[in-house]
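A.B. asks:
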Amino acid sequence: MLPLAALSLVAFSCVAPSGGGGCGGPAPQGWSGFASYNGTLYFGSMDGRVFAFDPSARSRGVTFPGEGEWVFAIEAPAAPGSMCGPLGCAPASVAVNIYSTPAAADNLVYVGTYYVKGGGAEGKVLAMSPSARGEGRVFPVRKENEWVYPHDKYGAVGAIVGDLALDESTIYIGSSDGKVYALDTIYGDLKWEFETGDKIWTSPAVKDGIVYVGNYEGKLYALSSQDGSLRWEIELPTSIASSPVVSGDSVFFGTFDNYLYAIDSASGKEKWRFKGGNWFWANPVVKDGVVYAGCLDHRIYALDARAGIELWQFVADAPIVSTPVLTGNLLIAVSKSGEMYVLEANGGALERTVSIGSSVMAPLYAEENMVYVHARNRCVCGVDVQSGEKVWELCYSDID
Amino acid sequence: MIELWNTIIFEPVLNSLIALCTILVDNFGFAIIALTVIVRVVLFPLTMRQTQSTKAMQSLQPKLQELQKKYAKNQQKLQQETMKLYKEAGINPLGCLWPMLVQLPIWIALYQSIMRALAATPENLLDLSQHLYSWQIVAQAVPLNENFLWLQLSQPDRYLLLAILVGVTMWVQQKMVTAPATDPKQRSMTQMTTLMMPLMFAMFTLSFPSGLALYWVVSNIIGIVIQYFVTGGWGYLTMPSVLKPASSQKPIPTRKLSAAQQPSKIAKKASEQSKTLQKDSGEKRGLFKR
Numbered sequence: 457m458l459p460l461a462a463l464s465l466v467a468f469s470c471v472a473p474s475g476g477g478g479c480g481g482p483a484p485q486g487w488s489g490f491a492s493y494n495g496t497l498y499f500g501s502m503d504g505r506v507f508a509f510d511p512s513a514r515s516r517g518v519t520f521p522g523e524g525e526w527v528f529a530i531e532a533p534a535a536p537g538s539m540c541g542p543l544g545c546a547p548a549s550v551a552v553n554i555y556s557t558p559a560a561a562d563n564l565v566y567v568g569t570y571y572v573k574g575g576g577a578e579g580k581v582l583a584m585s586p587s588a589r590g591e592g593r594v595f596p597v598r599k600e601n602e603w604v605y606p607h608d609k610y611g612a613v614g615a616i617v618g619d620l621a622l623d624e625s626t627i628y629i630g631s632s633d634g635k636v637y638a639l640d641t642i643y644g645d646l647k648w649e650f651e652t653g654d655k656i657w658t659s660p661a662v663k664d665g666i667v668y669v670g671n672y673e674g675k676l677y678a679l680s681s682q683d684g685s686l687r688w689e690i691e692l693p694t695s696i697a698s699s700p701v702v703s704g705d706s707v708f709f710g711t712f713d714n715y716l717y718a719i720d721s722a723s724g725k726e727k728w729r730f731k732g733g734n735w736f737w738a739n740p741v742v743k744d745g746v747v748y749a750g751c752l753d754h755r756i757y758a759l760d761a762r763a764g765i766e767l768w769q770f771v772a773d774a775p776i777v778s779t780p781v782l783t784g785n786l787l788i789a790v791s792k793s794g795e796m797y798v799l800e801a802n803g804g805a806l807e808r809t810v811s812i813g814s815s816v817m818a819p820l821y822a823e824e825n826m827v828y829v830h831a832r833n834r835c836v837c838g839v840d841v842q843s844g845e846k847v848w849e850l851c852y853s854d855i856d
Numbered sequence: 011m012i013e014l015w016n017t018i019i020f021e022p023v024l025n026s027l028i029a030l031c032t033i034l035v036d037n038f039g040f041a042i043i044a045l046t047v048i049v050r051v052v053l054f055p056l057t058m059r060q061t062q063s064t065k066a067m068q069s070l071q072p073k074l075q076e077l078q079k080k081y082a083k084n085q086q087k088l089q090q091e092t093m094k095l096y097k098e099a100g101i102n103p104l105g106c107l108w109p110m111l112v113q114l115p116i117w118i119a120l121y122q123s124i125m126r127a128l129a130a131t132p133e134n135l136l137d138l139s140q141h142l143y144s145w146q147i148v149a150q151a152v153p154l155n156e157n158f159l160w161l162q163l164s165q166p167d168r169y170l171l172l173a174i175l176v177g178v179t180m181w182v183q184q185k186m187v188t189a190p191a192t193d194p195k196q197r198s199m200t201q202m203t204t205l206m207m208p209l210m211f212a213m214f215t216l217s218f219p220s221g222l223a224l225y226w227v228v229s230n231i232i233g234i235v236i237q238y239f240v241t242g243g244w245g246y247l248t249m250p251s252v253l254k255p256a257s258s259q260k261p262i263p264t265r266k267l268s269a270a271q272q273p274s275k276i277a278k279k280a281s282e283q284s285k286t287l288q289k290d291s292g293e294k295r296g297l298f299k300r
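Chains as they are written, first to last, in my numbering: chain A, 457 to 856; chain D, 11 to 300.
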């Protein structure tokens with residue numbers, strides 16, 4: 457069977473479903489969304505850099521970087537020395553990916569990283585000062601309160617895929633090593649950690665002193681934000697696909713058996729569940745008693761938050777991977793193919809469509825009439841949802 | 011084309027693999043082993059046919075080598091005589107290829123399924139969603155538990171053990187079926203291939219997910235077992251790589267085959283033809299002298 461195995465290997469590369477990245481499918485690249493702070497937007501690029509840009513400067517067509525704008529390349533902690541194998545030596549540095557949307561507060565921007573090293577995926581949390589990064593100083597500048605967690609140069613936590621959750625003086629991180637970390641925002645010191653027992657690829661949610669987090673064992677945990685003590689936990693038939701979103705007295709999230717769940721935030725009891733045609737991968741958005749949920753079955757569902765009854769649905773041209781946003785009475789969603797849909801939040805009527813021109817997986821971000829999109833062609837753009845016009849676009853592949 | 015491939019071959023194999031994972035106590039390592047065994051059992055008649063065809067072809071080797079010597083300077087005549095020999099022996103030289111071609115898509119799909127199901131990165135996991143059936147048994151297993159023995163199935167084995175296993179099993183399997191050559195050039199080429207391929211795959215193991223390497227090891231072991239029972243022993247594994255004069259060779263121990271394992275009519279005919287040819291040429295270089 458040796459010829460078969462060899463031929464399989466070659467043929468596999470030829471017939472593998474499209475997506476690139478070799479025989480294992482698409483390579484890790486990241487899909488960070490945007491965080492806003494003091495009029496500046498921050499996002500993690502698909503080549504492991506953090507960008508700070510001023511939307512108004514982009515609208516005016518100012519050459520990047522304009523005033524207050526900067527770019528910072530994150531370096532993964534290099535192993536001591538290069539790694540040598542039978543085919544030669546490889547450099548010790550590894551590529552960094554950013555999946556988590558940055559968080560920003562108190563003159564610091566927080567980013568979680570994902571990099572593959574030594575046969576496993578690891579990550580770190582970085583706190584960056586916009587002023588120190590703007591001046592291009594060597595990271596981390598302690599006087600500017602910049603830090604890296606773990607503080608040890610070669611230390612790491614499991615890779616970070618979900619977003620970081622900020623609450624007062626604490627930042628909460630779910631990690632691929634199955635732990636929830638609570639870090640001090642100013643010094644990056646560990647306040648507490650909680651072991652869930654399986655990979656966490658979603659974001660924690662914090663509300664009223666409780667941290668909600670789901671893992672790939674199909675468990676949803678409610679932890680005290682003060683000390684990480686367990687308030688309650690529930691086990692679901694399958695793993696949790698989307699990040700939990702807390703609204704009112706309910707926690708909403710999707711699972712791998714195609715359900716969207718509503719759980720009582722105080723007791724963990726199931727309120728209702730709604731079956732879609734595929735995974736609810738994108739995080740649900742809740743407003744005025746309505747849950748808007750994008751699904752990989754190409755549909756956007758609007759459900760009554762109390763009873764889980766379907767109010768309307770809209771069929772898109774491709775799976776909805778990216779988390780939609782609400783602005784005014786409009787719901788903006790973008791499909792994986794890059795088609796943006798501007799819908800009336802009330803009845804789901806289509807107002808207009810905008811073609812982004814590339815696949816989109818990163819969550820959308822909205823400020824007033826502008827929606828910001830991070831596309832897979834390594835460009836970010838601002839779209840005026842009232843006019844449906846793509847006002848500006850910044851492609852960062854060419855930016856050093 | 012890709013859609014057709016995914017629908018007809020890849021997705022059924024992928025979903026079977028994931029469903030097996032749920033059945034086998036959420037253990038993807040067991041699922042890989044089980045599906046490899048199942049596929050091998052289903053394809054066993056084809057494997058047998060392929061092995062027997064190869065064996066029949068090999069039984070003609072002495073006569074073919076004679077022809078090569080005789081018509082070394084006349085390629086056209088050599089081709090004609092070779093085809094004539096095949097015709098007389100009732101062997102289709104491509105007969106050992108078609109069973110392999112039939113099996114190939116299944117193996118490629120199995121190979122793809124293991125790589126895709128492991129979903130080592132978030133992009134991989136997202137991509138997986140487009141290929142899954144809406145069966146509860148499939149949904150229950152996703153994302154897969156990648157821990158198996160000392161391995162993290164989506165990552166390469168850090169301890170080299172799997173690379174050694176892949177290399178050794180592949181070498182044994184290849185050695186069992188590779189006939190020693192008399193021609194020094196051909197011999198050197200054969201020896202190189204027998205050594206290089208296992209080495210190459212052992213190298214792949216160092217950088218590929220260990221789930222895939224596990225599949226290679228299991229597949230190789232089953233291949234060795236099949237080969238052992240079909241050829242009635244260790245085949246060429248116990249033979250020296252350089253052929254000695256016929257008088258000094260010892261016969262390879264043979265095993266009695268069950269009715270189901272008896273060679274096909276084609277193989278029997280080829281074997282008989284070969285015996286006649288060997289008798290004619292006064293040589294005893296055939297290995298399967300049952």
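Glycine included, every Cβ here is placed at the ideal spot set by N, Cα and C.
For chain D, check one thing: does any of its Cβ atoms lie closer than 8 angstroms to the Cβ of residue 581/A?
C.D. replies: So, not an interface residue.
A.B. asks: Can you tell me whether residue 515/A is helix, strand or coil according to DSSP?
C.D. replies: Helix, per DSSP.
A.B. asks: When the cut-off is 8 angstroms and only beta carbons count, does residue 721/A lie next to chain D?
C.D. replies: Answer no: the Cβ-Cβ gap between residue 721/A and chain D never drops below 8 angstroms.
A.B. asks: What separation, rounded to the nearest whole angstrom, lies between the Cα atoms of residue 222/D and residue 130/D?
C.D. replies: Using only the alpha carbons, I get a separation of about 12 angstroms.
A.B. asks: How many Å lie between residue 133/D and residue 140/D at the Cα?
C.D. replies: Cα to Cα, the separation comes out at about 12 angstroms.
A.B. asks: Does the Cβ-Cβ distance between residue 95/D and residue 77/D come in under 8 angstroms?
C.D. replies: Yes, the pair counts as a contact, with Cβ atoms nearer than the cut-off.
A.B. asks: Could you tell me which of 760/A, 840/A, 811/A, 776/A sits nearest to residue 801/A, measuring between CA atoms?
C.D. replies: With distances taken between Cα atoms, residue 801/A lies closest to 760/A.
A.B. asks: Taking only beta-carbon positions, decide if residue 17/D is within less than 8 angstroms of chain A.
C.D. replies: It does not: the Cβ of residue 17/D has no partner Cβ on chain A nearer than 8 angstroms.
A.B. asks: Do residue 28/D and residue 127/D count as a contact pair if the criterion is CB distance below 8 angstroms?
C.D. replies: Yes, they are a contact pair.
A.B. asks: Is there a Cβ from chain A that is less than 8 angstroms from the Cβ of residue 172/D?
C.D. replies: Chain A, which has no Cβ nearer than 8 angstroms to the Cβ of residue 172/D, makes this no.
A.B. asks: Is residue 502/A helix, strand or coil when you go by DSSP?
C.D. replies: The answer is coil: DSSP assigns residue 502/A none of H, G, I, E or B.
A.B. asks: Taking the alpha-carbon of residue 824/A as reference, which of 783/A, 843/A, 552/A, 709/A has the nearest alpha-carbon?
C.D. replies: Of the listed residues, the one whose Cα sits closest to residue 824/A is 783/A.
A.B. asks: My parser needs the beta strand (DSSP E) runs of 3 or more residues fully inside the stretch 37-115 of chain D; what are they?
C.D. replies: None, since the stretch 37-115 of chain D contains no complete beta strand (DSSP E) of that length.
A.B. asks: List, in chain order, every chain D residue whose beta-carbon is nearer than 7 angstroms to that of residue 485/A.
C.D. replies: Chain D residues near residue 485/A: 133.
A.B. asks: Please give the ranges of any beta strand (DSSP E) in the stretch 792-824 of chain A, keeping only runs that are unbroken, at least 3 residues long and fully inside the region.
C.D. replies: As far as the stretch 792-824 of chain A is concerned, its whole beta strand (DSSP E) runs of at least 3 residues are 795-800, 806-811, 821-823.
A.B. asks: For chain D, is any of its Cβ atoms less than 8 angstroms away from the one on residue 694/A?
C.D. replies: So yes, residue 694/A belongs to the interface.
A.B. asks: Tell me, which residues are paired with residue 678/A by DSSP?
C.D. replies: Answer is 668/A, 688/A, bridged to residue 678/A.
A.B. asks: What residues match up with residue 703/A in a beta bridge as DSSP calls it?
C.D. replies: Per DSSP, 706/A.
A.B. asks: Can you tell me whether residue 763/A is helix, strand or coil according to DSSP?
C.D. replies: In this structure, residue 763/A counts as coil in the three-state DSSP scheme.
A.B. asks: With a 10 Å radius around its C-beta and 16 neighbouring C-beta atoms as the bar for buried, classify residue 751/A as buried or exposed.
C.D. replies: It counts as buried.
A.B. asks: Counting pairs of beta carbons, one from the stretch 169-182 of chain D and one from the stretch 202-218 of chain D, are three or more of them closer than 8 angstroms?
C.D. replies: Counting Cβ pairs under 8 angstroms, three or more are found: they touch.
A.B. asks: Three-state secondary structure (DSSP) at residue 137/D?
C.D. replies: Helix, per DSSP.
A.B. asks: Between residue 152/D and chain A, is the shortest Cβ-Cβ distance under 8 angstroms, so that the two count as touching?
C.D. replies: So yes, residue 152/D belongs to the interface.
A.B. asks: Does the distance from the C-beta atom of residue 651/A to that of residue 674/A stay below 8 angstroms?
C.D. replies: Going by C-beta atoms, residue 651/A is not nearer than 8 angstroms to residue 674/A.
A.B. asks: For residue 182/D and residue 236/D, which I take to be in contact (beta-carbon distance under 8 angstroms), what is that distance rounded to the nearest angstrom?
C.D. replies: Actually they are not in contact, since the Cβ atoms of residue 182/D and residue 236/D sit about 13 angstroms apart, beyond 8 angstroms.
A.B. asks: Inspect the beta-carbon positions of residue 568/A and residue 629/A and report whether they are closer than 8 angstroms.
C.D. replies: Result yes, Cβ atoms of residue 568/A and residue 629/A sit closer than 8 angstroms.
A.B. asks: Does DSSP put residue 220/D in a helix, in a strand, or in coil?
C.D. replies: The answer is helix: DSSP assigns residue 220/D an H, G or I state.
A.B. asks: Classify residue 31/D: buried if its beta carbon has 16 or more other beta carbons within 10 angstroms, exposed otherwise.
C.D. replies: That one is buried.
A.B. asks: Near residue 841/A, which residues of its chain fall below 7 angstroms by C-beta distance, leaving aside the five closest residues on each side in sequence?
C.D. replies: The answer, listed in chain order, is 783, 786, 788, 798, 825, 827.
A.B. asks: Can you check which of these residues, 40/D, 243/D, 57/D, 239/D, is closest to residue 117/D by C-alpha distance?
C.D. replies: Of the listed residues, the one whose Cα sits closest to residue 117/D is 57/D.
A.B. asks: Counting beta carbon pairs with one atom in the stretch 612-622 of chain A and one in the stretch 648-665 of chain A, are three or more of them shorter than 8 angstroms?
C.D. replies: Result yes; three or more Cβ-Cβ pairs closer than 8 angstroms.
A.B. asks: With contact counted as at least three CB pairs below 8 angstroms, one residue from each stretch, are the stretch 153-168 of chain D and the stretch 203-210 of chain D in contact?
C.D. replies: Segments in contact, no.
A.B. asks: Report buried or exposed for residue 490/A, applying the criterion of at least 16 other Cβ atoms within 10 angstroms of its Cβ.
C.D. replies: Buried: at least 16 other Cβ atoms inside 10 Å.
A.B. asks: With a cut-off of 8 angstroms, do at least 3 Cβ pairs link the stretch 146-159 of chain D to the stretch 193-202 of chain D?
C.D. replies: Taking 8 angstroms as the limit for Cβ pairs, the verdict is that the stretch 193-202 of chain D does not touch the stretch 146-159 of chain D.
A.B. asks: Between residue 737/A and the rest of its own chain, which residues show a CB-CB distance below 7 angstroms, the 5 nearest in sequence each way excluded?
C.D. replies: Around residue 737/A: 697, 698, 710, 752, 777.
A.B. asks: If we define contact as Cβ-Cβ less than 8 angstroms, is residue 30/D a contact residue for chain A?
C.D. replies: Not closer than 8 angstroms to any Cβ of chain A, the Cβ of residue 30/D fails to qualify, so no.
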